[in-house]
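Scroll down for the structure; my scribbles are underneath it.
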Amino acid sequence: MMFIGIIVAILVAQSVSIVVWRLVLGPLSNIPGPKLAALTSWYEFYYDVIKPGQFVWHIQQLHLVYGPIIRITPWEIHISDPSFLDEVYAPASRNREKYAFFMKTVKVSGSTGTTVNHDIHRRRREALNPFFSKKAITAFESVITDRVAKLDKLVHSHILTKTPINLSDAYYALANDVVSYYCFGRDEKLLDDEQQAATHRNNISELLQGIKAVLHLPWIFDILDMIPFPIAKHIMPAGALDMRNLSETVKIDVQRVLEDTKNLKKGHHRSIFYELRDNKNLPPSEKSLTRLENEGTLLVLAGTDSPAKSMAITHFYLLHHPEKMAQLRSELQKTPKTATWKELEQLPYLSGCIAEGNRLSFGVAGRTSRIAPHETLQYKQYAIPPGTPVSETTLSVHTNEFIFPEPWAFKPERWLGKEGTEIRKYQMAFNKGSRSCVGMNLAHAEMFLAIAAIARYDMKLYETDVSDVKFKHEFHVAFPKLDSKGIRAVVEGKVA
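Each residue of the sequence shown is one higher than the last, beginning at 19 in our numbering.
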């Protein structure tokens with residue numbers, strides 16, 4: 019009995035010391051916020067998992083009570099002040115690391131996008147940058163144009179069949195085919211199979227809806243990994259199976275590249291892995307099969323979902339506001355149908371539509387925390403000690419009424435003129451700083467080319483309203499109501 023008493027006493031003392039440290043003596047104890055959030059991560063769990071995908075919204079409410087800086091977990095701070103963005107999301111010259119806690123949700127730790135360490139990320143990113151430069155994407159434009167032509171053909175087929183088209187599925191197919199071909203020199207041909215595109219999109223959506231449970235309870239997938247695959251595949255979510263299949267396909271592609279010592283692909287569209295394999299600035303450890311498999315898997319996942327959502331949401335709002343579609347068409351009528359990406363980028367209203375679609379799609383909607391490992395950040399009277407995860411959510415920036423009046427309204431005109439130029443520094447859809455999305459140019463190219471082409475079709479929304487696009491749940495990306503079937507429309511014809 020004495021032994022049990024000693025154990026109980028130790029546990030009580032340990033619990034008391036944790037409470038005192040987190041609430042009174044710890045370096046974050048002076049940061050405003052609810053005491054329960056400062057005390058335990060179960061506070062976050064409740065709003066992330068029990069009330070699925072609601073913590074990002076709850077953070078907004080906490081700011082109304084506690085002010086622009088709040089402590090949202092025992093270890094993490096959130097700031098709602100766009101003027102502080104450049105401190106949180108600093109350029110590569112200043113050391114900013116990712117928060118390892120968030121990197122557990124997707125098991126591709128070798129990818130550039132999930133790299134925690136600043137120096138390793140910088141080395142990996144510098145190897146990728148030339149492949150995703152404007153010059154490189156322009157050289158690839160004919161392939162994007164070809165896929166947009168297939169999308170055009172798909173949309174036109176619905177005039178003949180008189181059936182609604184699911185624009186969410188169609189743009190998902192486009193984005194997946196483009197990024198897959200760009201990375202691997204081949205694609206899944208989802209634009210040829212609407213049902214397959216729908217299945218892929220729905221499976222990934224279901225997988226993302228479980229991302230918060232995996233974040234807080236990572237042992238779920240650890241247990242699945244321990245079960246032999248022939249058994250585990252019967253209990254794995256369809257999205258997890260799709261991701262496994264993607265990783266296996268990428269692995270085969272990478273293996274072929276690593277074994278292709280005679281460069282048989284030379285003179286053709288060489289996949290990104292040839293460039294990484296031959297990069298003299300990368301050590302052999304950065305060219306391993308697993309590392310490159312991780313890289314390719316995340317490039318496809320990130321290069322599909324976000325651009326697809328942005329295109330679909332942009333198109334929805336243009337259909338929802340016929341006067342804005344009319345204004346866009348007026349601009350497009352003065353532009354050749356064969357206009358290049360570079361030429362389309364010069365169109366002010368189309369550029370405004372793309373920017374506004376990106377803003378309302380929110381990109382990575384969750385917390386993209388950054389850590390200054392050796393630097394004390396100063397926000398007003400609060401000193402933020404080195405090693406503290408700090409974030410500003412895309413939601414808090416993109417719905418800031420001082421920067422974006424009527425933040426939930428689709429207003430392409432807000433991006434025009436001098437004022438439009440000034441607010442572009444607050445566009446967070448592709449993140450900011452040294453960790454901004456490497457595929458931004460590829461995404462923009464397909465957005466401009468696709469929206470310019472498909473906006474020429476007369477459509478009417480079908481059993482679709484704002485609730486099918488408006489941000490309601492955060493599962494790493496923004497989700498509307500969970501029973502949404504996507505953005506659907508009836509195609510009535512094509513304007514000249």
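Glycine included, C-beta positions come from ideal geometry on N, C-alpha and C.
Keep in mind the model is a prediction, meaning the values are calculated, not measured.
Could you check whether Gly384 and Val124 sit closer than 9 Å to each other, using their CB atoms as the reference points?
Along the sequence shown, read from residue 1 onward, the residue named residue 124 stands at position 106. Along the sequence shown, read from residue 1 onward, the residue named residue 384 stands at position 366. No. Outside cutoff.
DSSP-derived helix/strand/coil call for Thr173:
Here the question's residue 173 lines up with position 155 in the sequence shown. Rather than Thr, the amino acid found at residue 173 in this sequence is Val. Note: Val173 maps to helix in three-state DSSP.
Among Met446, Asn194 and Glu363, the one whose alpha carbon lies nearest that of Ala463
What you label residue 463 is simply residue 445 of the sequence shown in a count that begins at 1. Residue nearest to Ala463 within the set Met446, Asn194 and Glu363 is Glu363 (criterion: CA-CA distance).
Taking 8 Å as the limit between beta carbons, can you name the residues of its chain near Leu350, skipping five residues before and five after?
For the purposes of this step, residue 350 is taken as the residue at position 332 of the sequence shown. Within the same chain, Leu350 has close Cβ partners Leu365, Leu368, Ala470, Ala473 and Arg474.
Per the DSSP calculation, Ile25 is bridged to which residue(s)?
Along the sequence shown, read from residue 1 onward, the residue named residue 25 stands at position 7. Bridge partners of Ile25: none, in fact.
Check Met329 in the structure and name its three-state DSSP category.
Position 311 of the sequence shown, counting from 1, holds the residue named residue 329. Correct three-state label for Met329: helix.
Could you name each continuous alpha helix (DSSP H) segment of 4 residues or more that falls completely within the segment 45-116, going from the start of the chain to the end?
Counting only runs of 4 or more residues that sit fully inside the segment 45-116, the alpha helix (DSSP H) segments are 53-57, 60-63, 73-84 and 103-106, in chain order.
Using a Cβ cut-off of 9 Å (strictly closer), state whether Pro255 contacts chain C.
In the displayed structure, chain C is absent; only one protein chain is listed.
Three-state secondary structure assigned by DSSP to Phe480
Start at 1 with the first residue of the sequence shown, and residue 480 comes out as number 462. As written in the sequence, residue 480 is Tyr, which differs from the Phe given in the question. Here Tyr480 sits in coil by DSSP.
In three-state DSSP terms, what is Pro354?
Here residue 354 corresponds to residue number 336 of the sequence shown, with the count starting at 1. DSSP places Pro354 in coil when its eight states are reduced to three.
CA nearest to the CA of Gly438, picked from Met261, Lys53, Phe21 and Ile372:
Stepping through the sequence shown from its first residue, residue 438 is reached at position 420. Ranking the options by Cα distance to Gly438, first place goes to Ile372.
Distance, Cα to Cα, Leu395 vs Ala401?
As a working note, residue 395 is residue 377 in the sequence shown. As a working note, residue 401 is residue 383 in the sequence shown. Straight-line Cα distance between these residues: approximately 6 Å.
Along the chain, which unbroken stretches of the alpha helix (DSSP H) at least 4 residues long are found entirely within the segment 230-289?
237-244, 247-250 and 256-277
Does DSSP put Asn184 in a helix, in a strand, or in coil?
Translated into the one-based positions of the sequence shown, residue 184 becomes position 166. Here Asn184 sits in strand by DSSP.
Am I right that Leu225 and His333 are in contact with their C-beta atoms under 8 Å? What's the rounded C-beta distance?
In the sequence shown, counting from the first residue as 1, residue 225 sits at position 207. In the sequence shown, counting from the first residue as 1, residue 333 sits at position 315. So it is not a contact: roughly 24 Å between Cβ atoms.
Range covered by the beta strand (DSSP E) that runs through Arg506:
The residue you call residue 506 lines up with position 488 of the sequence shown. Element bounds for Arg506: Arg506 to Lys512.
Would Gly321 and Gly457 qualify as a contact pair, given that the criterion is a beta-carbon distance under 9 Å?
Position 303 of the sequence shown holds residue 321. Position 439 of the sequence shown holds residue 457. Yes; because the gap between Cβ atoms is below 9 Å, this pair is in contact.
Please list the segments of the beta strand (DSSP E) lying wholly inside the segment 387-439, counting only runs of 3 or more residues, in order along the chain.
Counting only runs of 3 or more, we get 395-397, 400-402 and 407-409.
Quick one: measure Cβ to Cβ for Tyr190 and Arg219, integer angstroms, because I've assumed they're closer than 8 Å.
Numbered from its first residue, the sequence shown carries residue 190 at position 172. Numbered from its first residue, the sequence shown carries residue 219 at position 201. Contact flag correct, Cβ pair sits at about 4 Å.
The alpha helix (DSSP H) that contains Glu212, what's its start and end?
By 1-based counting over the sequence shown, the position of residue 212 is 194. Glu212 to Gln227 is the span of the alpha helix (DSSP H), which, as asked, contains Glu212.
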